[in-house]
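Each remark here refers to the structure printed beneath this line.
Written out as structure tokens, the structure is:
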């Protein structure tokens, strides 16, 4: 069950890390509301993983998508579509801000305090 909840949260927060959207989608998908304590626990895990990766040398550049994503698609319904690197960087900025992280993807002190993770901060 924990893995299912975390997977659902990961997928949903990749789209929008907002609590309201996550909870609403969970109700739609599973037919049950997630308690705030479960949401907080998942957010703690998400930030612990981030802190671990930062400790191991992960940087903002490591959150980039492969260069192939910026090349236009050759065919199909989205032929010619490609990821705009500038737009991706702006989206990454928004994502970091929504997570409570700096522009480099490091959890800010307020986020760590809210999640009681000050002891594991870099």
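In the UniProt record's numbering, the protein residues as written are 1 to 122.
Using N, Cα and C, we set each Cβ at its ideal position, and we do this for glycine too.
Just so it is clear, the structure is predicted and the values come from calculations on it, not from any experiment.
Legend entry - Three-way DSSP call (helix, strand, coil) for residue 7 in this model: Note that residue 7 scores a pLDDT of 47, beneath 50, so its modelled location is shaky and nothing firm can be said.
Legend entry - Cβ neighbours of residue 122 in the same chain (closer than 8 Å, five flanking residues each side left out): Closer than 8 Å at the Cβ level, and outside the excluded window around residue 122, lie 51, 54, 55 and 106.
Inset, instruction - Write down every uninterrupted run of the alpha helix (DSSP H) in the stretch 50-111 whose length is 4 residues or greater and which is fully enclosed by it, in chain order. - result: Entirely contained in the stretch 50-111, the alpha helix (DSSP H) runs reaching 4 residues are, in chain order, 85-99.
Legend entry - Alpha carbon of residue 13 to alpha carbon of residue 83, nearest angstrom: Its pLDDT being 46, under 50, residue 13 is placed unreliably in this model, and the value from its coordinates should be taken loosely. Going from the Cα of residue 13 to the Cα of residue 83 covers about 20 Å.
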